[in-house]
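Below: one structure, written as structure tokens.
In full-length UniProt numbering, the protein residues as written are 1 to 501.
As structure tokens, this is what we get:
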């Protein structure tokens, strides 16, 4: 989970646990346990509060008006505010209207209104989403009020706090010309790597339900490219989704010990996938089940590093190991995938968690996913294999302005003749408490959010290119980047976040 990086007081601790590797039977039992956990929580679900517009269900929607407010309200005086409002191209009404799940002439449905609010809040270029309903006999009139945000973000920075020198410059726009499209261009230097990055995202390709995302990174040690075209689930009312994506990586891989590289290799990774998902729900306000099938190809090839690879990373070959036994084994998995997801919507809306005063939605209901990837030799895999993944998330309210949310996850690979490979058990827990604004006499001096996070990664028989690292760049403050390495990782963080704006 992302956290604010400024003004945090943190305590983090890491510990390594050693034990014997679990057997296949133990892993299957653990996988089954994680898979059945959601049903243990069914009785503990809290009944949702009835929405104040529930009594208007069935009335005909006569009109829907949309008001898009400037970044700064008219009450904000000063030429700077007026200049910013004038420079920013306002989000276009058609961008807002196409996201609405409610339509003029249809019967009003309170849940559709509730879902529309969530959909609009998910748009990163909008804030202060308000939907109001005015009844008039057998009709209702709906008003949608949103507020623009400043979306053209210049990026310029330099840091050495984690033991690594970082430089970056770039620009990002998330509401290009008011159409809601995102574009980024940037240059960065880090770890002797120089990167030029370009990103493009169109959440409504040609005004359709389809979403397009593409990225390309050119580095001095190789290149990375990503492409995705899909029709995502935007709300619990959607009945189907599909997606196609590809990821191609040709870079130098590195293994670390005590913060320094001790072995490097050339890696070529190719991931391709397609999926089609059906959503089934008698009452999507209460629970949703999703069934997905598709095809995936994961191809990983590893080669010895060349002299040029060492030069690209400014490394001295004499100071690193050259044992080919350290090089990861080639892998190829190809075959059908099957996924099941069970969701109980129970959202809480809060600001001052990750995005300052921007309100975000967090699902405290059950979200359970399990995926099976069958990869036999018959379909081009290196070995008969089954890859399985299971994840469970659940949250609870903890008083006014507070909530906690936890996740359990398990992933593993079973290969013929090799048994369990690349297995991982992980858990993560977060707690947030948002306090009221603080004042000194009549002057606003900030807001506080208490946040704590706990995470545990426990791996066994991991692939050689999969290494857990812990340091300043992964949340362990007070240490250099990649100070610790291993196949087990524990992290505890306690923060008092202070927001001065």
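C-beta: ideal position from N, C-alpha, C; glycine also.
Own chain partners of residue i with C-beta closer than 6 Å, once the 5 adjacent residues on each side are dropped
i	result
residue 66	93, 96 and 144
residue 183	173, 176 and 200
residue 415	383, 385 and 421
residue 285	111
residue 298	271 and 333
residue 154	171
residue 213	201 and 228
residue 215	199 and 226
residue 207	none
residue 209	231
residue 62	139 and 141
Beta-carbon proximity of residue i to residue j, cut-off 8 Å
i	j	result
residue 374	residue 335	yes
residue 175	residue 125	yes
residue 252	residue 320	no
residue 249	residue 229	no
residue 195	residue 185	no
residue 387	residue 302	no
residue 309	residue 221	yes
residue 467	residue 256	yes
residue 460	residue 423	yes
residue 340	residue 370	yes
residue 233	residue 246	no
residue 527	residue 85	Outside the displayed range of the chain (1 to 501) lies residue 527, so it cannot be described from this structure.
residue 68	residue 105	no
residue 363	residue 327	no
residue 492	residue 483	no
Given residue i as reference, the closest of the options once Cα atoms are compared
i	options	result
residue 350	434, 388 and 70	434
residue 427	394, 449, 400 and 235	394
residue 262	151, 313 and 452	313
residue 275	498, 291 and 322	291
residue 331	476, 300, 456 and 157	300
residue 189	160, 211, 209 and 210	160
residue 91	180, 442 and 98	180
residue 338	63, 273 and 99	273
residue 193	209, 418, 168 and 211	168
residue 329	318, 266 and 377	266
residue 481	58, 191, 494 and 413	191
Whole-angstrom distance between residue j and residue i, CA atom to CA atom
i	j	result
residue 474	residue 259	12 Å
residue 348	residue 202	28 Å
residue 223	residue 307	18 Å
residue 166	residue 187	11 Å
residue 458	residue 420	14 Å
residue 151	residue 311	39 Å
residue 496	residue 452	9 Å
residue 147	residue 277	34 Å
residue 89	residue 73	15 Å
residue 178	residue 469	41 Å
residue 219	residue 254	15 Å
residue 323	residue 295	36 Å
residue 510	residue 463	Nothing can be reported for residue 510: it is not among the residues displayed for the chain, which extend from 1 to 501.
residue 486	residue 465	12 Å
residue 345	residue 204	25 Å
residue 440	residue 81	26 Å
residue 411	residue 52	43 Å
residue 472	residue 478	7 Å
Assigned secondary structure, residue i (DSSP; H/G/I helix, E/B strand, else coil)
i	result
residue 352	coil
residue 426	strand
residue 496	strand
residue 402	strand
residue 158	strand
residue 206	helix
residue 71	coil
residue 502	This structure cannot speak to residue 502, because the chain is shown only from 1 to 501.
residue 181	coil
residue 366	coil
residue 312	helix
residue 174	coil
residue 114	helix
residue 491	strand
residue 120	helix
Cβ shell of residue i (< 8 Å), same chain only, five flanking positions each side left out
i	result
residue 404	395, 396, 398, 429, 430, 431 and 432
residue 361	118, 121, 122, 347, 348 and 349
residue 281	236, 287, 288 and 289
residue 56	108, 110, 133, 135 and 140
residue 352	434, 447, 449, 497 and 499
residue 316	310
7 Å CB neighbourhood of residue i in its chain, flanking five on each side removed
i	result
residue 117	129 and 131
residue 507	Outside the displayed range of the chain (1 to 501) lies residue 507, so it cannot be described from this structure.
Test: residue i CB closer than 8 Å to a CB of chain C
i	result
residue 193	Absent here is chain C; the protein component of the structure consists of one chain.
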